[in-house]
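Structure first, then comments.
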Amino acid sequence: MRRRAPIFLSSRLLVALALMGALLLAGCGRNQEETAPPATPAPAAAETPAPDQPTPTPTGAPAEAPAAATPQAQAPAAEKVPPPEGLERGPVSEIPPVERVDMYDAPPPMEIDPDKYYYATFVTDRGNIKVQLFAKRAPNTVNNFVFLARQGFYDNTIFHRVLDGFMAQGGDPTGTGTGGPGYEFADEFYPGLNFDRPGLLAMANRGPNTNGSQFFITFAPTEWLNGQHTIFGEVIEGADVLDKLTRRDPIQQADIQGDTLYTVIIEESESSILPTPTPSPPTPTPTPTPTPFAPTSLEGERPLAQLDPAERANYFNIPPEMVIDPAQRYGAVIRTTKGDLTVELYADKAPVAVNNFVVLVNLGFYDQTPITLVRPDDSIIIGVPDNNPLNDAGYKLAAEVGTDIEAGIGALTYIPYERLADGTIMSSSSQLLIALIDPPAEANNTFSFFGQVTDGLELLNELTTEDVIESITITTSDAAAE
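Below you can see the structure in the form of structure tokens.
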């Protein structure tokens, strides 16, 4: 059985963003499919370690992959209800949920009629939630969901990730955010259909076109997910049941049992309960090609330090030119509210990564920025200027992977974002992961390690999200003299 790994540095490498997303709603799994705001690693891309999950906003009520608050378990508002008698179950329901992982080789053939209306009733141990599916607007996604529901794939699974004020995520037979049906399929984005209201049903994913079986239902408007997760339905009955679902995070609160989804009942109809969309939705105006703006375009003494950190988010749109001197050895001093970290930079083994870091540091990009995420015994994430895992310096870097760098506790790497068709891994331009464990050897194939904390390691376990990166400065010495 092939298992997807959430994006954490241990055997579950961290992103998510890559939180960042973490953050994306991983389909639940970038390999765990989730959706989450800044402090939570977000949904991830195909073959890039990450959970299938949506990403909460930095200021929103929910707290991975990567958002600001930590979801808290809440006492259920009502007693659990037993499964109704006489439920018709699909053939797959006889198989234990965990054994359903990767049981299919390809998405199902088209079996629904997009001109008909489909309804899905989520029968849970908290009550029923009825959703109208958008067969016309997301035919492949609805067809996939209907197929899995009728097969019984969702029977007796749990809502494994429920973040207050954000969303409830389910559809993973493992209950961890790392499982799926065994295939992936493309996103479907319908013009004008956005995350502008609560009660929307959407696919969790690990990045573009990595949909599988995991889904989520929103508790509130989540506009930051627009264009990242396929919306394919809306709650029409049972919104109060969503309020009764147990809040839990599968990583931080694995000991809290998620609520059970007994089954999903599919109905087909000739009529729509929700207003039907206009036959010809407005065509979005194409975004003009932006003028290239690289970090090396700026001049002056730490000009970005004069801006509020949030104003630095996505400030550039292309990587900097190569400006570091091969004859120099580079290092850095990361000044935090707890003390200083001295870092050795590997310009000879990861020149692109080090050059990018040196340029951003000298511009003051990291000054007074938050520590976005701390996962004890795993990693620390910095370099998210506005604490939103979806944002960084504004561009992506081709990761320098496969090096012979021996990364240890205190290793620095950019967070991987997606794997391109040619195998190139693209990383965040500014989001950095600092290892709190010895990364496994295989991490070099995914993460672009480019530095190592050599002094101040004892501070790493003291840092929290209440601390701040006060500044980072670059040090140089003559490589030939050493």
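According to mature numbering (1 follows the signal peptide of the UniProt record, and there is no 0), the stretch in the sequence shown is residues -26 to -1, 1 to 456, in order. Where a beta carbon is used, it is the ideal one built from N, C-alpha and C, also for glycine. Everything numeric in this text was worked out from a predicted model, so none of it was measured.
Quick check on I247: buried or exposed, where buried means 16 or more other Cβ atoms within 10 Å of its Cβ? The residue given as residue 247 occupies position 273 in the sequence shown. Exposed, because fewer than 16 other Cβ atoms sit within 10 Å of the Cβ of I247.
How is T115 classed by DSSP in three states: helix, strand or coil? Within the sequence shown, numbered from 1, the residue matching residue 115 stands at position 141. For T115, the three-state secondary structure derived from DSSP is helix.
Candidates G181, D170, V215, N179, of which the one nearest P195 by Cα: Against the sequence shown, residue 195 aligns to sequence position 221. Nearest neighbour of P195 by Cα position, chosen from G181, D170, V215, N179, turns out to be D170.
Which partner residues does G101 have in the DSSP bridge list? Counting from 1 along the sequence shown, the entry for residue 101 is found at position 127. For G101, which the question treats as bridged, DSSP gives the partners T98, D99.
Check whether the Cβ atoms of G382 and D429 sit closer than 7 Å, and answer yes or no. Along the sequence shown, one-based indexing puts residue 382 at 408. Along the sequence shown, one-based indexing puts residue 429 at 455. No, Cβ-Cβ distance for G382 and D429 is not below 7 Å.
Go ahead and pull the three-state DSSP assignment for P359. What you label residue 359 is simply residue 385 of the sequence shown in a count that begins at 1. Coil.
If you follow the beta strand (DSSP E) that L386 is part of, which residue opens it and which one closes it? The count along the sequence shown starts at 1 and reaches residue 386 at position 412. DSSP places L386 inside the beta strand (DSSP E), whose first and last residues are 385 to 393.
Between which two residues does the alpha helix (DSSP H) carrying K218 extend? Taking the sequence shown and counting its residues from 1, one reaches residue 218 at position 244. From DSSP, the alpha helix (DSSP H) with K218 extends over 213 to 218.
Residues in its own chain within less than 6 Å of I205 by CB, not counting five upstream and five downstream? Counted from its first residue, the sequence shown places residue 205 at position 231. In the same chain as I205, and ignoring 5 residues on each side of it, the C-beta atoms closer than 6 Å to its own belong to L167, L174, A176, in chain order.
Which of helix, strand or coil DSSP assigns to E21: Sequence index remark: in the sequence shown, residue 21 carries index 47 (1-based). Caution applies to E21, whose pLDDT of 33 falls short of 50 and renders its modelled position unreliable; the value that the coordinates give is listed next. Secondary structure of E21 (DSSP, three-state): coil.
In whole angstroms, give me the CA-to-CA distance for G101 and P363. Numbered from 1 along the sequence shown, position 127 holds the residue referred to as residue 101. Numbered from 1 along the sequence shown, position 389 holds the residue referred to as residue 363. The straight-line gap from Cα to Cα measures roughly 34 Å.
Identify every residue that forms a DSSP beta bridge with F189. Taking the first residue of the sequence shown as position 1, residue 189 is located at position 215. For F189, which the question treats as bridged, DSSP gives the partners G144, M177.
Going by DSSP in three states, Q125 sits in which element: helix, strand or coil? Stepping through the sequence shown from its first residue, residue 125 is reached at position 151. Residue state, collapsed to three classes: helix.
Given a cut-off of 7 Å, decide if H134 and G153 are closer than it, judged by their beta-carbon atoms. Translated into positions along the sequence shown, residue 153 becomes position 179. Translated into positions along the sequence shown, residue 134 becomes position 160. Judged by beta-carbon spacing, H134 lies beyond the 7 Å limit of G153, meaning their Cβ atoms are not closer than that value.
Work out the CA separation of T265 and A19 for me, nearest whole Å. Translated into positions along the sequence shown, residue 19 becomes position 45. Translated into positions along the sequence shown, residue 265 becomes position 291. With a pLDDT of 29 at A19, under the threshold of 50, the predicted position of this residue should be treated as unreliable, and no value is reported.
Helix, strand or coil: how does DSSP classify V209 here? For the purposes of this step, residue 209 is identified with residue 235 of the sequence shown, where counting begins at 1. Per DSSP, reduced to three states, the secondary structure at V209 is strand.
Are the beta-carbon atoms belonging to A279 and D341 less than 7 Å from one another? In the sequence shown, residue 279 corresponds to position 305, counting from 1. In the sequence shown, residue 341 corresponds to position 367, counting from 1. Yes. Within cutoff.
From which residue to which residue does the alpha helix (DSSP H) around E318 run? On the sequence shown, residue 318 is found 344 positions in, with the first residue counted as 1. Unbroken run through E318 is the beta strand (DSSP E), 313 to 319; no alpha helix (DSSP H).
Helix, strand or coil: which one does DSSP assign to E416? The sequence position of residue 416 within the sequence shown is 442, counting from 1. Here E416 sits in helix by DSSP.
Three or more beta-carbon pairs under 8 Å between the stretch 400 to 410 and the stretch 346 to 355, yes or no? Counting Cβ pairs under 8 Å, three or more are found: they touch.
Ordered along the chain, which non-local residues of its own chain (more than five positions away) have a Cβ less than 6 Å from that of I239? By 1-based counting over the sequence shown, the position of residue 239 is 265. Within the same chain, T95 come within 6 Å of I239 by CB-CB distance, once the 5 residues on both sides are set aside.
Under three-state DSSP, which class holds L235? Here the question's residue 235 lines up with position 261 in the sequence shown. Correct three-state label for L235: strand.
Tell me whether R74 sits in a helix, a strand or coil according to DSSP, three-state version. Here residue 74 refers to the residue found at position 100 of the sequence shown. In this structure, R74 counts as helix in the three-state DSSP scheme.
When DSSP labels each residue in this structure, what does Q226 get in the three-state scheme? On the sequence shown, residue 226 is found 252 positions in, with the first residue counted as 1. Correct three-state label for Q226: coil.
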